[in-house]
Ligand code: GLY
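Residue numbers (this note's numbering): 2 to 339.
The following block contains the structure:
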C-alpha cells in the first residue's frame with residue numbers, strides 16, 4: 002500500500018494547474034465527453050483514441066447544440082460540421098470542414114489522417130470520402146434546427162454575416178449581390194455567447210504522447226461554405242510532444258486569424274507556463290478585437306495546465322474540465338476572464 006500513499010501525497014503537494022501525467026483537458030463543462038476521453042486513456046487507449054472518443058460523444062450528445070448534428074443551421078438551414086485531430090508525436094493532422102450529412106466528424110477527421118496522405122478534406126467531397134470509408138450518410142437536420150432556421154427567415158434573416166451587398170443585409174434576406182461601394186465597417190459579431198461553441202480536447206499520457214482535437218457545428222446562420230477555426234491547424238488546436246498542446250474555442254472567424262493554439266504551444270516551448278501562454282494567445286487577439294468571444298486551454302509536457310479567456314459581455318468566467326490520476330474522474334475548473 003506504500004506506493005499509492007506516496008503517490009497521493011505527491012499529488013496533494015502539486016500546486017493548482019499542475020497535474021501529474023496523464024492529463025486530459027477539454028473546453029467547457031462537457032462532463033460526459035471528458036469522462037469518455039479519460040476512461041478511454043485509462044483503459045489502454047492512446048491519446049488519439051481519447052481525443053476521438055471524447056469529441057465523438059459530444060457529437061452524439063450534441064453538447065449544448067454547438068457540436069454535432071442539429072445545431073447552428075446555415076443560411077439554407079443545413080447543419081455542417083468541422084473537426085480536426087492532431088498527433089503531436091508525428092505532427093500528422095486529419096481535418097474535415099463543411100462536412101455534410103455525416104454525424105461523426107471527428108471520426109472522419111481521423112480517417113483523413115490515417116487513410117489518406119492528405120491533411121484536410123472539405124464540403125461535399127469530404128462527405129463522399131466519409132461514405133467510402135463506411136460512415137453513414139444521414140440528415141443532420143432536427144426539429145430544433147428547423148425551428149431556428151424558420152424563425153430566422155421570419156425575422157428577415159437577422160442576424161447574418163453579409164456586408165457590402167444589396168439588398169441591405171441588416172434589413173433583408175438574400176439573394177445578395179455586391180454593392181457598388183465597399184464600406185469599411187467594424188466586424189459585426191452575432192456569436193451566441195450564451196452557448197458554448199466547440200469541444201476542444203488535449204490529452205497527454207505518461208509516456209509523453211500528445212494529441213489534440215476539436216469538433217463543432219460552427220456558427221448559426223453562417224454563410225454556406227463558412228469554415229471556422231476548429232479544423233484549422235494551429236487555430237482550433239495544436240499538439241507537439243516536444244512542447245505541449247492547446248485548443249481554442251470562440252469566435253472562429255476572428256480567432257483563426259491569430260493561430261492562438263500554435264502561438265500558445267510555441268510560447269510553452271520557449272518556457273512560458275501554460276497559464277501565461279494561454280493569456281498571451283488571448284492578449285494577441287484582444288489587441289485587435291477587445292470584445293471578442295474566446296478562450297483557450299493549454300498543457301505542457303510535464304502535465305502543467307492552464308486556461309484563459311477574453312472578458313466579453315457574456316463571458317466573465319470560462320469553465321473547462323481536467324482529468325488526472327489524482328481524481329481519476331473529470332473535475333470542473335474555472336478561470337476568470339481578463
Ligand atoms: N469556434 C467555432 C467556430 O467559430 O466555428
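A virtual CB, placed ideally from N, CA and C, is assigned to each residue, including glycine.
All values derive from a computational prediction rather than experimental measurement.
- Per DSSP, residue 226 is not a residue of any alpha helix (DSSP H), being assigned neither H nor E.
- The closest heavy atom of ligand 1 lies less than 7 Å from the beta carbon of residue 230.
- The continuous alpha helix (DSSP H) containing residue 59 extends over residues 48-62.
- For residue 121, the beta-bridge partners assigned by DSSP are 96.
- With a threshold of 16 other beta carbon atoms within 10 Å, residue 133 falls short and is exposed.
- Residue burial is scored here from C-beta neighbours: residue 251 has at least 16 other C-beta atoms within 10 angstroms and is therefore classed as buried.
- The C-alpha of residue 154 lies about 21 Å from the C-alpha of residue 140.
- Below 8 Å, enough C-beta pairs join the segment 241-256 and the segment 267-274 to call them touching: three or more.
- Short of 6 Å from the beta carbon of residue 131, and not among the five residues preceding or following it, lie these beta carbons of its own chain, in chain order: 103 and 109.
- Residue 97 has its alpha-carbon roughly 13 Å from the corresponding atom of residue 115.
- Looking from the CA of residue 91, the closest CA among 283, 217, 209 and 33 belongs to 209.
- In terms of side-chain proximity, the C-beta atom of residue 83 is found nearer than 7 Å to a non-hydrogen atom of ligand 1.
- Taking C-beta atoms under 8 Å as the contact rule, residue 124 and residue 99 qualify, at a distance of about 5 Å.
- Residue range 261-270 is occupied by the alpha helix (DSSP H) that includes residue 263.
- When C-alpha distances from residue 215 are compared across 280, 68, 30 and 112, the shortest belongs to 68.
- Residue 248 is positioned such that its CB atom lies closer than 8 Å to that of residue 202.
- Of all C-beta pairs linking the segment 217-232 to the segment 271-279, fewer than three are shorter than 8 Å, placing the two stretches out of contact.
- Nearest Cα to residue 271 within the set 326, 312 and 301: 301.
- In this structure, residue 250 has its beta carbon less than 7 Å from a heavy atom of ligand 1.
- Taking a 10 Å sphere around the C-beta of residue 305, we find 16 or more other C-beta atoms and assign the residue as buried.
- Within its own chain, the residues whose Cβ lies closer than 7 Å to the Cβ of residue 233, once the five positions on either side in sequence are excluded, are 257, listed in chain order.
- Put simply, of 78, 293 and 299 the residue whose alpha carbon is nearest the alpha carbon of residue 273 is 299.
- By the neighbour-count criterion, in which 16 or more other beta carbons inside 10 Å mark a residue as buried, residue 118 falls on the exposed side.
- Residue 204 holds the alpha-carbon nearest to the alpha-carbon of residue 89 among 204, 59 and 174.
- The shortest CA-to-CA distance from residue 55 to any of 184, 217, 163 and 335 is the one to 217.
- At least one heavy atom of ligand 1 is found less than 7 Å from the C-beta of residue 220.
- In the three-state reduction of the DSSP assignment, residue 202 falls in the strand class, which pools E and B.
- In the same chain as residue 63, and ignoring 5 residues on each side of it, the C-beta atoms closer than 8 Å to its own belong to 69, 70, 71 and 72, in chain order.
- Here the segment 169-179 does not lie against the segment 29-49, with fewer than 3 beta-carbon pairs under 8 Å apart.
- A distance below 7 Å between beta-carbons, with the five flanking residues on each side excluded, links residue 260 to the following residues of its chain, in chain order: 235 and 236.
- If you check the C-beta of residue 198 against ligand 1, you find a heavy atom less than 7 Å away.
- Looking at the backbone, the Cα of residue 151 and that of residue 22 are separated by about 48 Å.
- A heavy atom of ligand 1 is found nearer than 7 Å to the CB of residue 217.
- Boundaries of the alpha helix (DSSP H) harbouring residue 145: 144-155, taken from the DSSP string.
- Rounded to the nearest whole angstrom, the C-alpha separation of residue 317 and residue 219 is 22 Å.
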